[in-house]
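Residue numbers (our numbering): 23 to 1016.
Positions of the beta carbon are idealized from the N, C-alpha and C atoms, including for glycine.
Bear in mind the structure is a predicted one, so any value in this text is a computation, not a measurement.
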Amino acid sequence: MSDDGGLITRLPFRDTRLPVRTRVADLLARLSLDERIAMLHQFAPGVERLGLAPFRTGQEALHGVAWMGPATVFPQAVGLGATWNPELVRRVGEAVGREARAMRARDPRVGLNVWSPTVNPLRDPRWGRNEEGYAEDPCLTSALATAYTRGLRGDHPERWRTAPVLKHWLAHNNETDRDTTSSSVRPRVLHEYDLAAFRGAVRAGAVAGVMPAYNLVNGRPNHLSPYLREQLRTWTDQELVVCSDAGAPSNLVDSEHYFDSHAEAIAAALLAGVDSFTDHDQDASKTIARVRGALERGLIDASTVDTAVGRLLTMRCGLGEFDECDEPEGAAGGIDGAFDTPAHRALALEAAEQAVVLLANDGLLPLSESGVRTLAVVGPLADECKLDWYSGSLIRRSSPREALAERLGADRVVFADGLDTVRLRTEAGWVRVPDAGAEGERPVLPVLRVRSAEEGPTDEGPTGEGPADEGSLNPAHTAGRTDLPPLTVGDTPTELSLADWGGGVLTLRAPSGRYLTVADDGFVRAAAERPGGWVVQETFTLEAHRDGHLLRHMGTGGYVCVAAGALKVAERDSDAEGTVFRLEVVERGEDAVARAAARADAVVVVAGNDPHIGGRETEDRTTLALPAQQERLWRAAHAANPRTALVLTSSYPYAVGEAADALPALLWTAHGGQAAGTALARVLFGDISPAGRLPQTWYASHDDLPDLLDYDIIAARATYLYFDGAPLFPFGHGLSYTDFSYGELSVRRAAGLTVACEVTNSGPCDGDEVVQIYASAPGPSRVPLPHRRLIAHRRVRLRRGERVRLFFTVPVEDALGFWDVAHGRWTVDPGTYEIHAGASSADLRATATVTVEGPPPAPRPVLRRGLEAADYDAADGIVLVDRTKVRGDAVARRDDAVGRLLFRACDFGAGATSMTVEAARDAAAAGAGAEDDATVGVHLADGTTLATVAVPPTGGRYTYTTVRAVLPTSPTGVQDLHITLRGGLRLARLGFSG
23 MSDDGGLITR LPFRDTRLPV RTRVADLLAR LSLDERIAML HQFAPGVERL
73 GLAPFRTGQE ALHGVAWMGP ATVFPQAVGL GATWNPELVR RVGEAVGREA
123 RAMRARDPRV GLNVWSPTVN PLRDPRWGRN EEGYAEDPCL TSALATAYTR
173 GLRGDHPERW RTAPVLKHWL AHNNETDRDT TSSSVRPRVL HEYDLAAFRG
223 AVRAGAVAGV MPAYNLVNGR PNHLSPYLRE QLRTWTDQEL VVCSDAGAPS
273 NLVDSEHYFD SHAEAIAAAL LAGVDSFTDH DQDASKTIAR VRGALERGLI
323 DASTVDTAVG RLLTMRCGLG EFDECDEPEG AAGGIDGAFD TPAHRALALE
373 AAEQAVVLLA NDGLLPLSES GVRTLAVVGP LADECKLDWY SGSLIRRSSP
423 REALAERLGA DRVVFADGLD TVRLRTEAGW VRVPDAGAEG ERPVLPVLRV
473 RSAEEGPTDE GPTGEGPADE GSLNPAHTAG RTDLPPLTVG DTPTELSLAD
523 WGGGVLTLRA PSGRYLTVAD DGFVRAAAER PGGWVVQETF TLEAHRDGHL
573 LRHMGTGGYV CVAAGALKVA ERDSDAEGTV FRLEVVERGE DAVARAAARA
623 DAVVVVAGND PHIGGRETED RTTLALPAQQ ERLWRAAHAA NPRTALVLTS
673 SYPYAVGEAA DALPALLWTA HGGQAAGTAL ARVLFGDISP AGRLPQTWYA
723 SHDDLPDLLD YDIIAARATY LYFDGAPLFP FGHGLSYTDF SYGELSVRRA
773 AGLTVACEVT NSGPCDGDEV VQIYASAPGP SRVPLPHRRL IAHRRVRLRR
823 GERVRLFFTV PVEDALGFWD VAHGRWTVDP GTYEIHAGAS SADLRATATV
873 TVEGPPPAPR PVLRRGLEAA DYDAADGIVL VDRTKVRGDA VARRDDAVGR
923 LLFRACDFGA GATSMTVEAA RDAAAAGAGA EDDATVGVHL ADGTTLATVA
973 VPPTGGRYTY TTVRAVLPTS PTGVQDLHIT LRGGLRLARL GFSG
């Protein structure tokens, strides 16, 4: 802005009176092509001549501002899911957005394009990133994602507090080989489950964009997803930004081998709709070179670059970056910042309280302060306030032990962590932790340094915008301490606390409270405040060897050796054999727990997981079992004192059927953030009645689950929607200290379904009820439908004796519809449906019916439209694959299986006399002389063979041929059609003519 004779002139892109589209067009025109290309990288440089500052896409903010130092830490996302409270989640999002603004005012490295929330439905509880999602149900997930993004975005009509990006598009629930596995997702699952979770939040208008996931869907990398254009961008008129996941653009060539060159890959990603490339950390040179290469080869033109940059500039404009404004950034455009306020602290406590789920209670809870003179608080998480990969640093903390001691007095709380006390001995002597002297008194803080992109993976998010010597706040770049002396061997042993986190994964803690860890120099030290980091350096395994054990360091894979009197990890590829250690157990953890329990009037066992170990990003779980060491703890406590409650503090469900049967009380809470301990204490003693509800099914065993990579929830009968077995605890389950009764339910159909339900608090105390509304189709259906489907819910607080009448309005299509593969559209079949109200998916208290009138469903018009192979009704032995690299699906057989497809109700009219098969067959896979090995067989339900068509080699998997066959038997009328696939072909479609 300049002042010339009293006249103020602004460049148009800085003029807030102009429409955003006009401002962005003006700025785009002022940028050179090189400047525009540079803006495609995550770390966009500034443009000094225009007064543009550098800009970074990506600030982690899943349950608080992460990776940028101290911030308010709220419960994990799955814990927020357990609140079933969109209004609370909106307030949490608002607090996180305000803290991001306030922190940015102090540190420009804090970003305003926040990569949160994660809206992948929690299809399988073994997923390593279970903690990041809200629920297994797309309706609940969408409601909470909409609430959180509204809070992050703010209420200003034009200026965004922050710009939220939803993760991870699409069908992403496995860490195992996550950048090379393909999720086979049939159209019904795609539309009804995976897309549904994203759709509501995008349509609500509080989302700035999405992040594609690492995996492939139907054989095509998500960073090339045609659904970005065909679905996402049709849900809103906003310019949405698509930000790549870290390193994923390079994966298109390096691990997925989808393209031969990076120029082809980046061109394809841009054309698919990716706008910002998170690759090679802060080094933008490779991305810039690839874009230039794509331009030089004519794979894209400058307009492709302009489209992507225009979307990025639109987002930056919405954040107020280009406004002429005299206000500090913390309050830019009236969007105020606030940090660690009393209101935020109170909100963190409220969220943690609302997230506690009472799974079972046989009268033990609530505890009474007068009736509990001494309370035993035991277990590996009893004195912990755990953080996860996407947490900020704690400003304050509250563990269960601390909160209960504060409430009752330290003299009334007996504590035992339940860890085994052990010693390690070698032939050279006992393992000992040297006295660190004055050095040991210093606080244990991470040493931050900048790593090169080649040193190891980094995930989504910041690595700092400042010069390299300022360091990085990304925890992936944390290096261990080397200023403390390494462990040695000698005559005097050091007793260590051993925790077994399951699967043989151990941590060892010194008497100082520090964990044994390994720094870059390979020496083992007692130097870590807690396990953590992108590659955890604090975990070990003991492997039986001769008359002792080898100690393997999991972070490096190397064995621990004694070298020159000190413990050091040998290089993984070296010939050095690990030292043999002999483990001596000084005291079993369960013995200490039993001793504490016997002294107390009641026992609280706090067990669960460490979010950095055994189920986290990059690592799926293989079991739902509680670690054996923790199983022994609750059993020992209960044997010593029947008044034992088990509190599971974890990022995911466990199969704890025996505990549920034996113990008088069982609770679950996700890691609850900074106020977790206080919240738990208030629930245990009845200050508040628990009202958290399970956001996902708790199965009785991992044997109830399909293969982790089976994304077809319909065929696999997975999630509460389709699961046919008896869960340990159902979706939506949660008990209270009070009782609620349900009155008559009514349903009226107008513009949508209007459901009215009366609920009364008929119990002894005030409390919250989560009223859950489900829909089901009780009669026979032409397609498999969910047992019941959540269509609405509300958490409501009722005083004792209070009655309330609640109203819910849901679009008929959302409540009763499904994706009709026969006609490629949403549909609601005519018939009678049931609407239920209740306290969980299995505890339905009131039911009403609603009838949908209309003509019967039409059969498939196969003579007119043919059959797209992916639009089957049922299948076996097949996998969905990419029809082309750009769009479309085809069907191939899985491994060496015979592929089978079923298409119901195909209308052949007066008769079909011929058919066409459109298929591709890779010549290299076919082999010489095997022209008749790949066939498509077509049969009727009665076994009549219509045709068996041989597909010749076509020259490649994306090169299709059309083979015509005469039908010796002419099918007429409406018939079910069965297709059999043999050999290495890809079937795209079938056509029929009369």
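Return the CA-CA distance between residue i and residue j, expressed in angstroms with no decimal places.
{"i": "Arg771", "j": "Val872", "result": "8 Å"}
{"i": "Val988", "j": "Leu968", "result": "9 Å"}
{"i": "Asp642", "j": "Arg200", "result": "10 Å"}
{"i": "Val832", "j": "Thr935", "result": "46 Å"}
{"i": "Tyr215", "j": "Thr79", "result": "28 Å"}
{"i": "Asp358", "j": "Leu416", "result": "23 Å"}
{"i": "Arg905", "j": "Thr329", "result": "26 Å"}
{"i": "Asp998", "j": "Ala927", "result": "5 Å"}
{"i": "Tyr236", "j": "Asp632", "result": "25 Å"}
{"i": "Ala773", "j": "Gly839", "result": "15 Å"}
{"i": "Val546", "j": "Arg574", "result": "12 Å"}
{"i": "Phe281", "j": "Arg242", "result": "11 Å"}
{"i": "Glu487", "j": "Met125", "result": "At Glu487, the pLDDT of 30 sits below 50, so the modelled position is not reliable and the matter cannot be decided from this model."}
{"i": "Ser672", "j": "Gly694", "result": "9 Å"}
{"i": "Val511", "j": "Glu449", "result": "9 Å"}
{"i": "Gly785", "j": "Arg113", "result": "29 Å"}
{"i": "Leu48", "j": "Val296", "result": "Just to set this straight, residue 48 is Asp in the shown sequence, not Leu. Approximately 22 Å between the Cα atoms of the pair."}
Relative to the C-alpha of residue i, which residue among the options is closest?
{"i": "Ala427", "options": "Gly414, Val399 and Trp452", "result": "Val399"}
{"i": "Leu731", "options": "Phe65, Cys928, Gly933 and Gly150", "result": "Gly150"}
{"i": "Leu187", "options": "Tyr721, Met337, Trp690 and Leu389", "result": "In the sequence on display, residue 187 carries Val and not Leu. Looking at the Cα atoms, Met337 is the closest of the given residues."}
{"i": "Ala432", "options": "Gly440, Arg423, Ala438 and Asp439", "result": "Arg423"}
{"i": "Val232", "options": "Arg145, Arg319, Val263 and Pro749", "result": "Val263"}
{"i": "Val777", "options": "Pro728, Asp788 and Ile857", "result": "Ile857"}
{"i": "Leu689", "options": "Glu375, Asp362 and Val558", "result": "Glu375"}
{"i": "Pro752", "options": "Val769, Val141, Gln794 and Pro664", "result": "Gln794"}
{"i": "Val136", "options": "Pro675, Val118 and Arg319", "result": "Val118"}
{"i": "Pro108", "options": "Met61, Gly526 and Arg172", "result": "Arg172"}
{"i": "Asp955", "options": "Phe77, Gly1005 and Arg943", "result": "Gly1005"}
What is the DSSP secondary structure of residue i, reduced to helix, strand or coil?
{"i": "Ala268", "result": "coil"}
{"i": "Leu238", "result": "strand"}
{"i": "Ile59", "result": "helix"}
{"i": "Cys161", "result": "helix"}
{"i": "Ile22", "result": "The question about residue 22 has no answer, for the chain in this structure spans 23 to 1016."}
{"i": "Gly959", "result": "strand"}
{"i": "Arg172", "result": "helix"}
{"i": "Ser247", "result": "coil"}
{"i": "Asn195", "result": "coil"}
{"i": "Asp439", "result": "coil"}
{"i": "Ile288", "result": "helix"}
{"i": "Gly20", "result": "What is shown of the chain runs 23 to 1016, which leaves residue 20 out entirely."}
{"i": "Leu655", "result": "helix"}
Going by the DSSP bridge assignment, what does residue i pair with across the sheet?
{"i": "Ala701", "result": "DSSP lists no partner for Ala701."}
{"i": "Thr336", "result": "Per DSSP, none; premise fails for Thr336."}
{"i": "Glu856", "result": "Ser798 and Thr871"}
{"i": "Trp841", "result": "Trp848"}
{"i": "Glu599", "result": "For Glu599, which the question treats as bridged, DSSP gives no partner whatsoever."}
{"i": "Cys779", "result": "Leu767 and Leu828"}
{"i": "Asp929", "result": "Val996"}
{"i": "Lys189", "result": "Thr140 and Met233"}
{"i": "Arg943", "result": "Leu1007"}
With a cut-off of 8 Å on the beta carbons, I'd call residue i and residue j a contact; round off their distance for me.
{"i": "His1000", "j": "Leu924", "result": "6 Å"}
{"i": "Arg208", "j": "Leu743", "result": "Between Leu743 and Arg208 the Cβ distance is about 14 Å, and since that is not below 8 Å, they are no contact."}
{"i": "His571", "j": "Leu538", "result": "Not a contact, Cβ separation roughly 15 Å."}
{"i": "Ala859", "j": "Ser768", "result": "Contact flag wrong, Cβ pair sits at about 10 Å."}
{"i": "Ala614", "j": "Gly440", "result": "7 Å"}
{"i": "Gly401", "j": "Leu655", "result": "6 Å"}
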